[in-house]
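Structure first, commentary second.
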Amino acid sequence: MTDTYRVRRGDGAESRNAVHFTFEGKSYQGLAGDTLASALIANGVHLVGRSFKYHRPRGFVSAGSEEPNALVGVGATQSRYTPNLLATQVEIYEGLVAESQNRWPSLETDAGFLNEYFSAFLPAGFYYKTFMWPRMAWKKLYEPVIRRMAGLGRAPAEPDADRYTQVFAHCDVLIVGAGPAGLAAALEASNSDATVILCDEQAEMGGSLLSDRSASIDGMQAADWARAALDELRKRPNVKLMSRTTAFGWYPHNFVGLNERVTDHLANPAANQPRERLWQVRAKEVVLAAGAIERPLVFTDNDRPGIMLADAARTYVNRYGVVPGKQVVVFTACDSAYRAALDLKAAGAKIQVIVDLRKSASGHWVDKARAEGIKVRSDSIVRGTSGRLRVKSAQISNAQGGDAETVACDLILMSAGFTPSVHLFSQSRGKLSYSEELRAYVPGESVERERSVGACKGLFALDSVIESGAKGGRDAAAKAGFPPRGERSYTVSARSVGADAFIGSVMADHQAEKRAWVDFQNDVTAKDVRLATREGFRSIEHVKRYTTTGMATDQGKLSNMNALGVVSKQIDVAVPKVGLTTFRPPYTPTTFGSFAGQSRGDLFDPVRKTSIHPWAEAQGAQFEDVGVWKRAWYFPQVGEDMHAAVARECKATRESVGIFDASTLGKIEIVGKDAAEFMNRMYTNAWTKLEPGRLRYGVMLREDGFIMDDGVVGRMATDRFHVTTTTGGAARVLSMMEDYLQTEWPDLEVWLTSTTEQWSVIALQGPNARRVLEPLVEGIDLSADAMPHMSVRQGRICGVPTRLFRVSFTGELGFEVNVPAGYGRAVWEAIFAAGKSYGITPYGTETMHVLRAEKGYIIVGQETDGTVTPDDAGLGWAVGKAKRDFVGKRSLSRPALVREDRKQLVGLLTTDPKAVLEEGAQIVLDPTHPIPVPMIGHVTSAYWSATLNRSIALALVRGGRSRMGEELSIPMPDGVIKAKVVDSILFDPKGERLNA
Amino acid sequence: MLLINCPYCGPRPEAEFANGGQAHIARPADPMSLTDDEWAAYLYMRDNTKGLHHERWRHANGCGRFFNASRDTTTDVIKRTYRMGERPEAEHQGAKP
Amino acid sequence: MQKFSALSLLRAGLTGHVGWQRQWRSPEPKPGYDVIIVGGGGHGLATAYYLASRYGVKNVAVLEKGWIGGGNTGRNTTIIRSNYLFDESAGIYEHALKLWEGLSQELNYNVMYSPRGVLMLAHNIHDVQSFKRHVHANRLNGIDNEWLSPEECKEFCPPLNVGGSMRYPILGGALQRRGGTARHDAVAWGYARAADALGVDIIENCEVTGIRRAPTGEVVGVDTTRGSINAKRIGVVAAGNTSTVMNMAGVRLPLESFPLQALVSEPVKPIFPCVVMSNTIHAYISQSDKGEMVIGAGTDVYTSYTQRGGLHIVNHTLDAICELVPAFRRLRMLRNWGGLVDVTPDRSPIVAKTPVSGLYVNCGWGTGGFKATPGSGEVFASTIAKDEPNKINAPFTIERFRDGAVIDEAAAAAVAH
Amino acid sequence: MLSPAIMRSNALSPMRSSGTTAASATTLSILPDAAKLVFRGKTEAIEAAGAHFGVKPSLEACRFAAVGGRSVYWLGPDEWLFQAVNEDPIEVFGGMSVALQAQACSLVDVSHRSDGIAVAGPTAALVLNHGCPLDLSLKAFPVGMCTRTVLGKASLLLSRSEEHVFHVDVWRSFAPYVWQFLDEARSLS
Ligand SMILES: Cc1cc2nc3c(=O)[nH]c(=O)nc-3n(C[C@H](O)[C@H](O)[C@H](O)COP(=O)(O)OP(=O)(O)OC[C@H]3O[C@@H](n4cnc5c(N)ncnc54)[C@H](O)[C@@H]3O)c2cc1C
Ligand SMILES: NC(=O)c1ccc[n+]([C@@H]2O[C@H](COP(=O)([O-])OP(=O)(O)OC[C@H]3O[C@@H](n4cnc5c(N)ncnc54)[C@H](O)[C@@H]3O)[C@@H](O)[C@H]2O)c1
Ligand SMILES: Cc1cc2nc3c(=O)[nH]c(=O)nc-3n(C[C@H](O)[C@H](O)[C@H](O)COP(=O)(O)O)c2cc1C
Ligand SMILES: [Zn+2]
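The listed protein sequences derive, respectively, from chains A, B, C and D. Just so you know, we're using our numbering here: the first sequence kicks off at 110 and counts up by one. Just so you know, we're using our numbering here: the second sequence kicks off at 9 and counts up by one. Just so you know, we're using our numbering here: the third sequence kicks off at 52 and counts up by one. Just so you know, we're using our numbering here: the fourth sequence kicks off at 95 and counts up by one.
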């Protein structure tokens, strides 16, 4: 197809390359610089989509990011398919593939159009009134049907092939919008030492200047002036120009989100380009120069393809060099549409008539139109249109009614004036005020450090737009601490088009109005809005939610003021009293991937690994996630499942020696003359009498009395403790300690340093542990007498310094070898080699869990869950009774914490030794009790114990310690399991092995 | 992301900080002498001020220090930050919205 | 009350829909009421409705400072489920779920309760243990909740990235089939309309600015921006603003109000069949009947009444969503907003009498009270009508914090919503 | 008896190969091992520590001082990091401990806690700003500045040794994450 609607572009740049693309499977040609919309218009295509509810045929209403109708799916492959893009924003490139949406089987004949015939029965909120009977039918019948109708485009079905990044940036002055106001602001602000960012959502900067043929600035044609200004800005090192970059959100403290579209307009993006880049900008000062958006007029059947905003048509002709129609009816409430009519006429279109809503039309533009022979009808309206897939005619009558004249056309331009883009201003929580003249809200009092300039402030005459931009730029730079070096002046020659405006429905008599669209995409008509008010939805927020006006992908950019106008008139309340819905981010829809940035896969969260990890990996270990850490879970040998591996690992450890990587444990070095006193206050235990060289198991509570963390603590010197915490608790414990130290006890001389990652910790457990270690250790006597259970020594192992703990979390003779992490793997391998002759066996967290459960040692987070006291967990012995105070002590005497029937930790032995309970299973007294069955506890840990050759379990049971020997029931879906309450220590209760 | 003025390091992005809840709630010197009600008040009762609110922050990914900030919870504007141990200025003490 | 039905809709359609009446009146406040409910959110409106419909208290006003449903009721991600761990929570949420099941019919208003299933994903062994604990407890409490393997998760929700390149792979999930969503606005409107029909006055744009008490201590009325109104009993259901309102009566509560955000994508054709929650990576997502993905984000770390929040919260939410469904990376965020949630120290609600005679409070639902709306309203109505809590809300007192009898679901399982 | 050749390993060693593959103006490299001590304590003590170490610690916030391979980083008002490149931690720690015996302070050997990355090149700041929310312009972050901060989801110590050279000191287990993050950022910028 050839582009028959192509005309000379205003800037005379005609040597644009041909670009080929497909839409709806058909091939077309456009020119470089076209949007999909301008290229389709060049080819005479106006039908591009279907509306949400009634599936009405729709064309282009606008030429920018406010477009409600022309939504398309773009992308040749699923992994690069994007739904709901705006044809008015999509830049064409060679090979672009686009399709329409929300239609079946085709855009021209769409079955969904059936809804149109039932539209009388589908008013706003109809679904709240029906589909209630029979009760189950909503789930089974109605909702599935409604859901099938839902949505616009189809979601991409394959993982996104593109990458996204984010950048934090800082500047002195951020300017949003590069129209005349923004350019002037940038020129002025950057005439100083201020760093300036100027962004614009469009591919080309210049804003409205790019569409202007009549105005001139500094003696240059408007668009040329814009390009010259940009050239000048580009030369300044303190300026960053960002096109295709939308300021989408304003967050507290002058933090503004910008989204840069990097590759969507390229046929062959380079490998080093992300698809989009999210800029998070902290600006000292912001200049908002976002312009204004033209408003549609609300009249019957104002939604047909070929009905378009007047200024959009002007942009198509002047900027893109395409005429959207050849026979034009113009319907307006202001002068600017006259300017559009004249520009279209100059491009060869026939202007059938200008229908002016105003009582009388006069002034420069009207005179000029008349002088060019264009027929002007004032005090008149377009009261209806015809044409199924493209507008064919307009019915025109006097504003008050009367006979209608039908005028043939293929394009209707409409303009109800301009709505300043106050989105970001309002997001910044600035107060808006209503301008009766503009029939729109304009920025009032600022809250953040920003100012609005140009059309978004409600200024429309080009000279005042530029003046306000320049002043805003200077002011911003000065406020940021960089007064500009001078002022420059601008000579502007442009005829103002005034500020006349209209909101609401154009029909004087609402009964005569058929369906007149307020919100195009969501198919909300003026009637729907009125119905809502009749039904009592009078707050504009209720009207919005009941009718869904303003909730479509354009977020009411075109519809909100008109809806307000309809409501205001209907309930006879002034517009500012009706209120306004809240502006929220994003300004235009913004890609999820951009918000996610680099956080995906392995970079979603850091993957923390110990220095021994690669060794375990090489041995074929399975790993589990514990917080952000990867921990070796078990080490299966060929043919083994987890149970077999764990049974083997357990046995090897109990019978000879096992080796375990405990490096992830949190570690804190607590140093200072008051270290012991600090420990006394933080932990339930008493520390004063612990001698240097000894270890103690410590329990830490939250101030509410529940167990927060535990760990073994070594006293390295009178003034130095080596504290360990759980893997997940490390950061929490350290910050809680810092909190108390800094805010409650700043007088204590004690300091904390995290040493989690300084030490690799190699646990060597089993009767042969000492034998394996002895030959490797230097300067430490490992004998039972010299180094009893729960002691710590410093010396060397394999030549490197170590803090050697004699400690056991397995019930066996055991050591934990702390070595500087850089030596961890080498020492591990050395120990492993030394252990070969003893059949040394690496074990993972699962085996560790089993071994400690056999001994009744708790795991914080498994036996405890944030509601367990030390006494509940059987740790009453670790609470220093004589201590005056420690964190959490006072809470322990609260009534609910001293009740006899609290859940207490016990052991459980199933009657059938082979039956392994399920962790989390609930315990009851009477399994035959009808539902709800009273539960008295739950299983916290349950394993097959290879050592005991039977199943074992730990459980929290109401009054558990007084139930020793009692048989309880654990009802499972497939039968009740019986188990006997026993002491929680199931293996070696006297502790002979660990003292060996 | 708020911009918070650490009294030690200067203005820094919120990402570097941890919030520590309402400020100026001293841990009782002798908790065991408190009634359950008094203890619960210390543990749980907060002003939840709508208006100027004094709160603790820790520059956790910075200098590590706790300090206080007076922030208007209706606008999130931070009026002032000050070191631990200092009191909010008299004019800031009222919690009027 | 004008009856809503397919037939009435049809009839109205033929006459241009001019005959529809207001769904609720807009009365001037009377000088006094037997009960005043402060707060026209879902919970407040439900309370008024049940007071009138079940407990025979019809001289009731609901005072709302803005427009009804404009608080958290109008800003939440509408996840409904009842598979809570502790008996106390399971009791109140299941009570609510049972009411949800017949709510459209009871109110004659389609609240679009959609039991499409809520699937909570487990990403590590701790999650698995914790979810199984829930499954077992729920079963014995008569609440449906089943464990799904990763493959079953995928089958139930095909877009999920199971076994893929996730940082924290999906190890399974707990599914409550009766869980789902409902249309949040319709809940407020439906209760309002039904309460109004029973004589309840719903008074919008009426902010309570003071609580008046007799010298003997008991409440006698409220001051509002529309004048003083007498009341024998006052129920405060003001969510994020509860502290402010209760301060007017000199009652301090263990509450803090945080911004909680949510967002929606642009609407797309149905692809996501159920609700998916992942507490471990912080992702909450379902697809509305209109087609948007409705996504819950996190709370900011500081208290605030601004009803917005930080961009980094949204970033973290969406990186999690994109991990769960990598195809959604190309979807676009349409709108992002904030609510104001009131959180207690144990993150369970308070539905109780207060130390002030005649003053009752229903608050602390935090990030998860929408699902409780009918149940909460029903038990609160009963508490106000009878001046004593019933069995279901008896554990949710203020005194539990003094006694240490906390109901800490979150500590028990790290589960929100 | 003792293993003769225990070599210190660096968490970033596996990354070494991917050093400069991508076409980018910024390079990543692994910094040499060093003795690193965290000093926390009172002002008198820090002066004594500096005197012994041979580098006068900055009392000004967020600044480091260096003499040869030795440097002292201000971490907080009572916290400094002493670093001695290619020196033996035990010796440095031993010497310092003796010198500080009478002082109210804490000295902890953290030589193995972290590894270092140099981010160098004209776009180094931009690359870091992919995850670090600080203003890294020379004005706001001059040469000689150091601070703990965040990068993506990791915490680290960032310092600027030259206009176009930053050093990142990051806990071992986070180091690969930081490396990969920066590597991707530089390849996409
Ligand atoms: C983003 C977000 C997501 C959530 N997601 C879920 C979810 O998926 N599932 C779930 O179950 N829950 C969710 N929640 C929580 C849920 O929304 C709330 O718990 C629930 O809606 C609370 O209802 P309510 O009626 O108590 O409060 P609200 O709806 O907030 O009503 C309180 C009302 O009190 C009014 N009020 C306040 N002060 C005064 C005064 N002085 N005078 C008069 N009126 C006053 C307010 O204007 C408001 O309308 C979410 C919340 C948020 C913010
Ligand atoms: N009644 C009238 O005749 C009338 C009305 C409105 C505007 N105008 C004319 O329009 C011009 C106004 O100039 P101006 O500079 O104020 O506006 P402008 O429309 O020329 O420029 C605004 C620019 O901001 C960009 N933008 C908007 N929101 C953005 C965001 N969130 N992020 C990034 N970019 C964004 C737009 O793409 C556009 O390029 C004048 O020429 C004026 O005469 C006339
Ligand atoms: C479940 C749910 C779905 C929503 N869907 C949409 C939507 O499709 N389009 C839209 O603009 N807003 C949608 N919203 C958001 C509302 O527009 C609005 O942001 C929210 O009610 C909060 O109010 P506020 O932004 O006016 O403060 C939705 C909100 C909820 C709770
Ligand atoms: Zn600081």
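For every residue, glycine included, the Cβ atom is placed at its ideal position computed from N, Cα and C. Source: prediction; values computed, not measured.
- The Cβ neighbour count for A/Val-859, taken over all protein chains shown within 10 Å, is at least 16; the residue is labelled buried.
- Beta-bridge pairing by DSSP links B/Ile-12 to B/Arg-20.
- Boundaries of the alpha helix (DSSP H) harbouring C/Pro-201: 201-207, taken from the DSSP string.
- At a cut-off of 8 Å between beta-carbon atoms, D/Thr-121 makes no contact with chain B.
- Around the CB of C/Gln-72, fewer than 16 other CB atoms lie within 10 Å, so the residue is classed as exposed.
- Within its own chain, the residues whose Cβ lies closer than 7 Å to the Cβ of D/Leu-220, once the five positions on either side in sequence are excluded, are Ser-283, listed in chain order.
- Rounded to whole angstroms, the Cβ separation of A/Tyr-202 and A/Glu-385 is 16 Å, and the two are not in contact under 8 Å.
- Apart from sequence neighbours up to five positions away, the residues of its chain that approach C/Arg-264 with a beta-carbon distance below 6 Å are Val-270, ordered along the chain.
- Within chain B, Met-9, Leu-10 and Glu-22 have C-beta atoms less than 8 Å from the C-beta of C/Gly-361, given in sequence order.
- When 8 Å is used as the limit between beta carbons, A/Ser-844 is near these residues of chain B: Ala-26, Arg-66 and Ala-68, in chain order.
- Inter-residue distance for A/Ala-442 and A/Ala-470 is about 9 Å (C-alpha atoms, whole angstroms).
- Those residues whose C-beta sits under 6 Å from the nearest heavy atom of ligand 4 are, from N- to C-terminal order along the chain, B/Cys-14, B/Tyr-16, B/Cys-17, B/His-67, B/Gly-70, B/Cys-71 and B/Arg-73.
- Residue-level contact check: B/Asp-55 does not touch chain A, since none of the beta carbons of chain A fall below 8 Å from its beta carbon.
- Residue contact check for B/Tyr-50 against chain D: no CB pair falls below 8 Å.
- Around D/Ala-155, the beta-carbon contacts reaching into chain B at under 9 Å are Cys-14, Tyr-16, Cys-17, Gly-18 and Cys-71.
- The secondary-structure analysis by DSSP pairs C/Gln-312 across a beta bridge with C/Gly-389.
- Uninterrupted beta strand (DSSP E) stretches at least 3 residues long and entirely within the segment 198-265 of chain D occur at 199-203, 208-214, 240-245, 248-256 and 259-265, given in chain order.
- With 16 or more other CB atoms across the displayed protein chains lying within 10 angstroms of its CB, A/Ser-863 is buried.
- C/Gln-53 carries a coil assignment under DSSP once its states are collapsed to helix, strand and coil.
- In the displayed model, A/Arg-654 falls within a helix according to three-state DSSP.
- Taking every protein chain shown into account, the CB of A/Lys-776 has 16 or more other CB atoms within 10 angstroms, so this residue is buried.
- Counting along the chain, the unbroken beta strand (DSSP E) around A/Gln-138 starts and ends at 135-140.
- When DSSP states are grouped into helix, strand and coil, A/His-1038 belongs to the coil group.
- Interface with chain B (8 Å Cβ-Cβ cutoff): A/Arg-322 is excluded.
- For chain B, the residues of the segment 355-379 of chain A that bring a beta carbon within less than 8 Å of one of its beta carbons are Tyr-360, Pro-361, His-362, Asn-363 and Phe-364, in chain order.
- Shortest gap from the CB of A/Glu-758 to any heavy atom of ligand 2: 7 Å or more.
- Across the set C/Ser-308, C/Leu-96 and C/Arg-284, the C-alpha of C/Leu-96 shows the shortest separation from the C-alpha of C/Pro-425.
- Taking a contact as a CB-CB distance under 8 Å, the pair A/His-831 and A/Glu-778 counts as one, their CB atoms being some 6 Å apart.
- Look at A/Pro-289: its beta carbon is less than 7 Å from one of the heavy atoms in ligand 2.
- At a cut-off of 8 Å between C-beta atoms, A/Gln-728 does not count as an interface residue with respect to chain D.
- Positions of the alpha helix (DSSP H) runs, each at least 4 residues long and wholly inside the segment 209-251 of chain A, are given as 223-226 and 235-238 in order along the chain.
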